[in-house]
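One structure below.
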Amino acid sequence: MTSYKELGLVNTKELFEKAVKGGYAIPAYNFNNMEQMQSIIQACVETKSPVILQVSSGARKYANQNILKNMARGAVEYAHELGYDIPIVLHLDHGDSFELCKDCIETGFSSVMIDGSHLSYDENVALTKKVCELAHSQKDYVTVEGELGVLAGVEDDVSSEHSHYTQPSEVVDFVGKTKVDSLAISIGTSHGRAKFKPEQCTRDANGILIPPPLRFDILEEVEKQIPGFPIVLHGSSSVPIEYVHMIEKYGGKLTDSVGIPEEQLRKAAKSAVCKINIDSDGRLAMTALIRKILVEKPDEFDPRKILGPARDELKKLYSHKNQNVLGSAGRA
Ligand code: G3H
Ligand code: 13P
Ligand code: ZN
């Protein structure tokens, strides 16, 4: 049993309170390997931003949970070495069972998500409540994120063909019965790099897909029901067209890519949305740089010379998000 405090981590409680009051969102960046972790910490130290390091069950399978835990410990020490102790959360992304959440809580995670959004409402309440009881009764309080409403989109371990929006009429009952610390809602975002079907979008003069706007009316209604309660947005990558073009220029094919425009995320971050999840944009940036180098330098075979520039690009991307999209820069 490891408590997150032994690793130098914090839970989300105070971070979310400050973020809701301050009108910004904490970045929740997924990581699976050392280069992603390093770039996240470099960017967040440089911009003085708190950060949530997220681990999906796919990441645990890929990288090993003990390695990830010790990377989180390393992240705390790395930030210190870089000269600024930012608050760092280690969070389970899309936990799908009580056992997985329990395992993470016992391994040093400071926050877990129990994603019961695919269950019936009553089953979601029962499962989320059970995880909260365990997490909140730890010597060091572990925070829990629940979810109401379903996001569409496909990742390795997170998939659903159809979305349905969160029903604002359910949120008071859900939060009251489960005692969750934050709530992920569905207002039109979705996972992955193709967030909408082309027929749901319009096109600009260059043929670039323009997505339909997020359902801010649902967000406002949720906020009326649970004023000041921390809200989470999943599926919030913007899918920068420059990375899509770079990937395609160097041999990739990413047909019909479209994300959530940055100004809509900025607007959301000014509300009670206090955690914004971003994974796909990091994947795009990394893949774009790796493809570029492999094509432009065919004699290069040192992985450091391939992954190093990808890491630098990731850092640039995360710094930009903290400063210009989430508003978390300068809040650590
Ligand atoms: O929301 C899902 C995250 O992007 C994680 O994706 O399950 O492929 O690691 P993954
Ligand atoms: P994106 O696929 O939009 O990056 O969403 C990531 C996410 O929600 C992780 O939980
Ligand atoms: Zn998600």
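Going by our numbering, the sequence shown opens with residue 1, and the numbers climb by one from there. The beta-carbon is built from N, C-alpha and C at its ideal position, and this holds for glycine as well. As the structure is a prediction and not an experimental result, all values here were calculated from the model.
Can you give me the start and stop residues for the alpha helix (DSSP H) that Glu296 sits inside?
That run of the alpha helix (DSSP H) goes 280–296.
If we count the other Cβ atoms within 10 Å of its Cβ and call it buried at 16 or more, is Val131 buried or exposed?
buried
Hey, quick one: how far does the beta strand (DSSP E) through Gly95 stretch, first residue to last?
88–95
Does the beta carbon of His94 fall short of 7 Å from some heavy atom of ligand 1?
Yes; taking the cut-off as 7 Å, the Cβ of His94 has a heavy atom of ligand 1 nearer than that.
Using three-state DSSP, classify Lys139 as helix, strand or coil.
In the structure shown, Lys139 sits in coil (DSSP, three-state: anything other than H, G, I, E or B).
Rounded to whole angstroms, what's the CA-CA distance from His234 to Gly207? Just pull it up for me.
27 Å
How far does the beta strand (DSSP E) with Tyr250 in it reach, from first residue to last?
Taken as a continuous stretch (DSSP letters only), Tyr250 belongs to no beta strand (DSSP E), as it is neither H nor E.
Sort out for me which residues DSSP pairs Ser111 with in a bridge.
His91, Thr143
Ligand 1 and Asn30: does the residue's C-beta get closer than 7 Å to at least one heavy atom of that ligand?
With a cutoff of 7 Å, Asn30 counts as near ligand 1, since its C-beta is closer than that to a heavy atom of the ligand.
Please confirm whether Ser280 and Arg193 have their CB atoms less than 8 Å apart.
yes
Can you look up Lys197 in the DSSP assignment and give me helix, strand or coil?
The three-state reading of DSSP puts Lys197 in coil, since its state is none of H, G, I, E or B.
Decide if Gly108 is buried, meaning its Cβ has at least 16 other Cβ atoms within 10 Å, or exposed.
With 16 or more Cβ atoms within 10 Å of its Cβ, Gly108 is classed as buried.
Quick one: what does DSSP say Cys41 is sitting in, helix, strand or coil?
First, the amino acid is wrong: residue 41 is Ile here, not Cys. Looking at Ile41 - three-state DSSP - the assignment turns out to be helix.
Is Leu209 near Pro198, with beta carbons less than 8 Å apart?
yes
Is it true that the CB of Arg73 sits closer than 8 Å to the CB of Gly8?
It is a contact, given that the beta carbons lie within the stated cut-off.
Can you name the start and end residues of the beta strand (DSSP E) that Val171 belongs to?
Careful: Val171 lies outside any beta strand (DSSP E), inside the alpha helix (DSSP H) at 168–178.
For Gly251, which option in Asp217, Lys292, Ser237 has the closest C-alpha, if you only look at C-alpha atoms?
Ranking the options by Cα distance to Gly251, first place goes to Lys292.
Apply the 10 Å Cβ neighbour rule to Val295 and answer buried if 16 or more other Cβ atoms are within range, or exposed otherwise.
exposed
Could you check whether Leu127 and Lys102 sit closer than 8 Å to each other, using their CB atoms as the reference points?
no
Tell me whether Ala19 sits in a helix, a strand or coil according to DSSP, three-state version.
helix
Could you pull the start and end residues of the beta strand (DSSP E) that Tyr29 belongs to?
26–30
What would DSSP say about Lys275, mapped onto helix, strand or coil?
strand
Thinking Leu15 and Pro50 are a contact (beta carbons under 8 Å), I'd like their distance in whole angstroms, please.
About 5 Å separates the Cβ atoms of Leu15 and Pro50, confirming a contact at the 8 Å cut-off.
Can you tell me where the beta strand (DSSP E) holding Ser182 begins and where it ends?
Residue range 182–185 is occupied by the beta strand (DSSP E) that includes Ser182.
Tell me the residue span of the alpha helix (DSSP H) that contains Ile218.
216–225
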